[in-house]
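Visitor: Residue numbers 1387 to 1649, in the working numbering, belong to the letters of the sequence shown in order.
For glycine and all other residues, C-beta sits at the position ideal for the given N, C-alpha and C.
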Amino acid sequence: MEKAIYLSDIKKLSDTDLSGYQRLYFGAEFCEHLIPKVEELKQAYDFAKQAGLSFTLVTPYVTARGLEFAEPLFEALSAFGDENTEVVVNDYGILSMLRERPNSLKPVLGRLLTRQRRGWGLYGSKREIPDKLIKAYQNTAVEVDIVVDFLNSMGVNRVEIDNLLHGVASDFTNINLDASVYYPYGLITTARYCSWAFDGKKWLNITGSCPRTCRGNLLVADHDFFEAKIYMRGNTQFYKKDDLDGLESKGIDRFIFEPEPPY
């Protein structure tokens, strides 16, 4: 079992105890405006290496503009020449960009692309999922042979999932893919609209510049409609679940700890 820690804020690096972990995740998972600068990437990579950790860069879903933000990071990672470095992709445009590079980096399919069943419609009103449907709601979209073959052909040998509130039935022991799970924060939903994108005078267009006012802000809410506390970070909502029992027996060989909901 490999243990990883996920930090999305460069300022948290020096204050974080990395003992007990083998890999550092760093980057932005849900917003292209928060994709780190090359200088921040190098700082995080050097910090991981000094601590004896492997390194994974996390990338979000993007527009064409976001692809431009990400490309210099891939240039820098390729220059490091570290075959154990990974890039988590949550956008097939990013995956295609990685495959086109002469020094191909190691892509990992992010939790936004494994298509687990989640969201307000599923968890709302504390509704019960019928027994005949529960397993379908506990699986992913990557457990079909044709999908596994496609991912392998694109250089993807690892996929990542959430620890669903209603349980995980996915079993990767007989699938030609390694698997990781994020904890304790799981995704409810995300969108390009961000309620934090306000500069004090007006709401900002998602294609324009962003003041990153979501940095350092976290909204925690209870709602009768939902069965767990809601953690809102920028454009993304999370739930929290600490129980990891049984996941290792399902072929999940990497646990990714999030000290706080990521960006």
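Which same chain residues, not among the five before or five after Q1524, have their C-beta less than 6 Å away from its C-beta?
Guide: G1553, V1554, A1555
Visitor: Who are the near neighbours of T1599 in its chain, counting only those whose CB is closer than 6 Å to its CB and skipping five residues on each side?
Guide: Here T1599 has W1582 as same chain residues with Cβ atoms under 6 Å from its own Cβ, once five neighbours each way along the sequence are excluded.
Visitor: Less than 8 Å between the C-beta atoms of I1574 and F1624, yes or no?
Guide: yes
Visitor: Whose C-beta lies closer than 6 Å to the C-beta of E1546 among residues of the same chain, with five residues either side of it excluded?
Guide: G1496, R1497, S1566
Visitor: Report the three-state DSSP secondary structure of F1612 (helix, strand or coil).
Guide: strand
Visitor: How many Å lie between H1609 and G1406 at the Cα?
Guide: 36 Å
Visitor: Applying the 10 Å Cβ sphere with the 16-neighbour rule, what's the burial state of L1604?
Guide: exposed
Visitor: Does the CB of A1522 have a neighbour CB from chain B at under 8 Å?
Guide: Any reference to chain B falls outside this structure, which holds one protein chain only.
Visitor: Please work out which residues of its chain come closer than 7 Å, Cβ to Cβ, to V1533, disregarding the five sequence neighbours upstream and downstream, and give them in chain order.
Guide: A1527
Visitor: Does S1511 come out as helix, strand or coil in the three-state DSSP assignment?
Guide: Low per-residue confidence applies at S1511: pLDDT is 45, beneath 50, and the placement is therefore not dependable, though the value from the model is reported in the following sentence. Per DSSP, reduced to three states, the secondary structure at S1511 is coil, with no helix or strand assignment.
Visitor: If you check the beta carbons only, do Q1502 and D1564 fall under 8 Å apart?
Guide: No, these two residues do not count as a Cβ contact at 8 Å.
Visitor: If you draw a straight line from the C-alpha of S1511 to the C-alpha of A1614, how long is it?
Guide: Only weak support exists for where S1511 lies, its pLDDT of 45 falling under 50; the coordinates are left without a value.
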